[in-house]
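Asks: Protein chains in written order, with the UniProt record's numbering: chain A, 1 to 206; chain B, 1 to 241.
Even glycine gets a Cβ: it sits at the ideal position worked out from N, Cα and C.
Here the structure is a predicted model, which means the values were calculated and not measured.
Can you keep this structure in mind? I'll have questions shortly.
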Amino acid sequence: MRQTLDYLKETPSQTAGPYVHIGLAPGAAGFDIYAQELGHDIAGPNAKGERIRVEGRVIDGMGSPIKDVLLEAWQANTDGIYAHPEHLGEVEDGFRGWGRVIPDFDTGNWTFETVKPGAVTDLNGRQMAPHISLWIVARGINVGLQTRLYFSDETSANAADPVLNLIEWERRRATLIAERTDSDGTPVYRFDIKLQGEDETVFFDI
Amino acid sequence: MQPGPYYQRDRQWQPPALTPDYKTSVSRSPQYSMISLETTVSEITGPVFGHNDIDPIDKDLLSNYAKPGESPIGERIILHGRVLDENAKPVPNTLVEIWQANSGGRYRHKKDTYLAPIDPNFGGCGRTLTDENGYYAFRTVKPGAYPWRNWVNNWRPAHVHISIFGSAFAQRLITQCYFEGDPLIAKCPIVNSIPDPDAVDQLVARLDLNATIPLDTIAYKFDIVLRGRRSTLFENRPEGN
């Protein structure tokens, strides 16, 4: 008998298209259909840690902001724990760690509010600098793009981060660092994502 | 046996970023190579959803936006199947979200200006959780084809957009489900962003007469496969490097 491998193949990805909002954020598309839309509150009301705002744009190869993009964020809590059964530790009641955001249709600016995540200890015991994983889909993007947002005020942790250090071109690491400013007492991190061209953001094949 | 890292995504099976016949991809595709990453805890975890997040009616597009006593116009279909991983293991309790045009090819979205009319009884989005066997089912109308500005005479085949979470951020997937026998499938630049014809075939839902409800609703079957993962058979490199 000839031995065969009987693995299945992953379903191929397709672009989310221009109307992704009607499925994943229908309120923003102009109609209310669900009693609750998912992804509006990443950290929940009980989360400890520093409340922050993240804002930015996704910019195409022509330098234009992409107004029909959709982003999802995935992060640990302030203690560096993910709200997932495989990560040992507790998160605050109501902390989901996941959010979904779309930009203003006119300007392309998006923003989300959360708490700053703590450093995460990987399952092999190595420590990663605080970061938020981002997943980006839109018309024209055939497979969702994965990147990470790191924080400009975590210089020493970033310098030791095992993922940032996989990027051979040190100049490109800077594309993953969100710049901190203060706006009316709230820390704001600015994170523009450039899909193509000069200062193209680093994307990961995870 | 502990579950380990996810299998490498097969980038020769998946569409590449730059597929010039699909014009929008030209300015929205990165030019540099992606950085490959052994999955860390940030990727093997992902959001968990439960029955408190959604309502049972969310999976019934025939009624979740219809006025009482009315229903949308179009071919009534059940779209159902299983969510599996590459090891053919069911993925239970995972969130599946869909969106689609109405039977005339018009989306209920303020940016859609196609002259086919809105259906007052059809919203076009739904969501559900897979059961303990990875099974999901929606009720909806079969969407119509619609024109789009790519080449001047491009028409999308009838399709339903599907978003699936799996149990890890590494499994996150958005795709489109097409319908068996549609002659527009072979003509579509978005479909043809996928290089392998067998991979395209995996996106075509099959007419499923066994699941059809006689005198009521036709059924199509569409199974979804998410990335699988290794089992940790050996404690490799326990010193942590």
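I want to verify the contact list: residues of chain B whose CB lies under 8 Å from the CB of A:S133, in sequence order.
Replies: Position 133 of the first sequence holds residue 133 of chain A. In chain order: S42, E43, F169.
Asks: From A:A43, A:I22, A:L166, A:R51, pick the residue whose C-alpha is nearest to that of A:E37; which is it?
Replies: By 1-based counting over the first sequence, the position of residue 37 of chain A is 37. Among A:A43, A:I22, A:L166, A:R51, the Cα nearest to that of A:E37 is on A:I22.
Asks: To the nearest angstrom, report how far apart A:L176 and B:Y107 are at their CA atoms.
Replies: Within the first sequence, the letter at position 176 stands for residue 176 of chain A. Within the second sequence, the letter at position 107 stands for residue 107 of chain B. For A:L176 and B:Y107, the distance between alpha carbons rounds to 35 Å.
Asks: Does chain B have any CB closer than 8 Å to the CB of A:Y7?
Replies: Residue 7 of chain A sits at position 7 when you count from the first residue of the first sequence. True, the Cβ-Cβ gap to chain B drops below 8 Å.
Asks: Using a Cβ-Cβ distance cut-off of 8 Å, determine whether A:F203 contacts chain B.
Replies: As a working mapping, residue 203 of chain A is identified with position 203 in the first sequence. Closer than 8 Å to some Cβ of chain B, the Cβ of A:F203 qualifies, so yes.
Asks: With 8 Å as the threshold, decide whether the Cβ of A:F31 is near any Cβ in chain B.
Replies: Your numbering for residue 31 of chain A matches position 31 in the first sequence. Using beta-carbon distances, A:F31 counts as an interface residue toward chain B, with a partner under 8 Å.
Asks: Have a look at the DSSP bridge pairing and note the partners of A:P117.
Replies: As a position in the first sequence, residue 117 of chain A is number 117, starting the count at 1. Bridge partners of A:P117: none, in fact.
Asks: How would you write the range of the alpha helix (DSSP H) that B:V200 sits in, first residue to last?
Replies: Indexing the second sequence from 1 puts residue 200 of chain B at position 200. Counting along the chain, the alpha helix (DSSP H) containing B:V200 begins and ends at 197-201.
Asks: Counting only Cβ pairs nearer than 8 Å, list the residues of chain A close to B:D119.
Replies: Taking the first residue of the second sequence as position 1, residue 119 of chain B is located at position 119. Ordered by position in chain A, no residue passes the 8 Å Cβ test against B:D119, which lies about 12 Å from the chain.
Asks: Under 8 Å: do the region 70-79 of chain A and the region 1-20 of chain B share three or more Cβ pairs, one atom per stretch?
Replies: Between the region 70-79 of chain A and the region 1-20 of chain B, the count of Cβ pairs shorter than 8 Å is below three; the stretches do not touch.
Asks: Taking only beta carbons into account, state which residues of the region 63-90 of chain B come closer than 7 Å to chain A, listed in chain order.
Replies: Listed by position along the chain: N64, Y65, L84, E86, N87, A88.
Asks: Should A:G63 go down as buried or exposed, given a rule of 16 or more other Cβ atoms within 10 Å for buried?
Replies: Along the first sequence, one-based indexing puts residue 63 of chain A at 63. Under this definition A:G63 is an exposed residue.
Asks: Taking CB distances under 8 Å as the criterion, tell me whether B:G240 reaches chain A.
Replies: Mapped onto the second sequence, residue 240 of chain B falls at position 240. Because the pLDDT at B:G240 is just 45, under 50, the model does not fix this residue reliably, and the value given afterwards should be weighed accordingly. Residue-level contact check: B:G240 touches chain A, since one or more beta carbons of chain A fall below 8 Å from its beta carbon.
Asks: Grouping DSSP H, G and I as helix and E and B as strand, with all else coil, what is B:T40?
Replies: Indexing the second sequence from 1 puts residue 40 of chain B at position 40. Correct three-state label for B:T40: coil.
Asks: Would you call B:K67 buried or exposed, if buried means 16 or more other Cβ atoms sit within 10 Å of its Cβ?
Replies: The sequence position of residue 67 of chain B within the second sequence is 67, counting from 1. B:K67 is classed as exposed because its beta carbon has fewer than 16 other beta carbons within 10 Å across all chains shown.
Asks: Using a Cβ cut-off of 8 Å (strictly closer), state whether B:S224 contacts chain A.
Replies: Within the second sequence, the letter at position 224 stands for residue 224 of chain B. Correcting the residue identity first, residue 224 of chain B is Ile in this sequence and not Ser. B:I224 counts as touching chain A.
Asks: Quickly, what does DSSP pair A:Y189 with across the bridge? List them, please.
Replies: What you label residue 189 of chain A is simply residue 189 of the first sequence in a count that begins at 1. A:Y189 pairs with A:V54, A:R180.
Asks: I'd like to know if the region 49-58 of chain B and the region 190-198 of chain B are in contact, where contact means that at least 3 CB-CB pairs between them fall below 8 Å.
Replies: no
Asks: Quick one: list the residues of chain B neighbouring A:I167, beta-carbon separation under 8 Å, in chain order.
Replies: The residue you call residue 167 of chain A lines up with position 167 of the first sequence. Per Cβ cutoff of 8 Å: I35.
Asks: Apart from the five residues just before and just after A:T11, which ones in its own chain have a Cβ nearer than 7 Å to its Cβ?
Replies: Counting from 1 along the first sequence, the entry for residue 11 of chain A is found at position 11. Cβ within range, chain order: n/a, list empty.
Asks: What is the rounded straight-line gap between the Cα of A:R51 and the Cα of A:F151?
Replies: Residue 51 of chain A sits at position 51 when you count from the first residue of the first sequence. Residue 151 of chain A sits at position 151 when you count from the first residue of the first sequence. One C-alpha to the other measures close to 14 Å.
Asks: Find the nearest neighbour of B:P90 within the set B:D216, B:D223, B:P20, judged by alpha-carbon distance.
Replies: Indexing the second sequence from 1 puts residue 90 of chain B at position 90. Closest option to B:P90, Cα to Cα, is B:D223.
Asks: So what does DSSP say about A:A73, is it helix, strand or coil?
Replies: Translated into the one-based positions of the first sequence, residue 73 of chain A becomes position 73. Of the three classes helix, strand and coil, the one that applies to A:A73 here is strand, per DSSP.
Asks: Below 8 Å, how does it come out for the region 211-225 of chain B and the region 80-98 of chain B: are there three or more Cβ pairs, yes or no?
Replies: yes
Asks: Extract the residue ranges of the alpha helix (DSSP H) inside the region 154-210 of chain B, only unbroken runs of 4 or more that lie entirely within it.
Replies: Note on the region 154-210 of chain B: whole alpha helix (DSSP H) runs with a minimum of 4 residues are 197-201, in chain order.
Asks: Report all residues from its chain with a CB closer than 6 Å to the CB of B:G228; omit the five preceding and five following residues, and keep chain order.
Replies: Within the second sequence, residue 228 of chain B is the residue found at index 228, counting from 1. Contacts found: Y7, D85, E86, N87.
Asks: Checking the sheet assignment: what are the DSSP bridge partners for B:E97?
Replies: The sequence position of residue 97 of chain B within the second sequence is 97, counting from 1. B:R127, B:S163.
Asks: Within 8 Å of any Cβ in chain A, is that where the Cβ of B:I213 sits?
Replies: To locate residue 213 of chain B, count along the second sequence from 1; it is residue 213. Output row for B:I213: interface = no.
Asks: Roughly how many angstroms separate the alpha carbons of A:V143 and A:L88, rounded to a whole number?
Replies: The sequence position of residue 143 of chain A within the first sequence is 143, counting from 1. The sequence position of residue 88 of chain A within the first sequence is 88, counting from 1. So the alpha carbons of these two residues sit roughly 31 Å apart.
Asks: Keeping to the same chain, check which residues put their C-beta closer than 7 Å to that of B:V48; ignore five residues upstream and five downstream.
Replies: One-based indexing of the second sequence puts residue 48 of chain B at position 48. Cβ neighbours of B:V48 beyond the five flanking positions: none.
Asks: Name the chain B residues whose beta carbon is nearer than 8 Å to that of A:L195?
Replies: Your numbering for residue 195 of chain A matches position 195 in the first sequence. Result: S27, R28, S29, P30.
Asks: Short of 7 Å in beta carbon distance, which residues of its chain neighbour B:N241, apart from the five on each side in sequence? Order them along the chain.
Replies: Walking along the second sequence from the start, residue 241 of chain B turns up at place 241. Its pLDDT being 39, under 50, B:N241 is placed unreliably by the model, and the measurement read from it follows with that caveat. For B:N241, where only same-chain residues beyond five positions count, there are no Cβ hits under 7 Å.
Asks: For B:E97, decide whether its Cβ has a neighbour in chain A, counting only Cβ atoms nearer than 8 Å.
Replies: Counting from one through the second sequence, the residue named residue 97 of chain B turns up at place 97. Taking Cβ atoms only, chain A reaches closer than 8 Å to B:E97, which makes this a yes.
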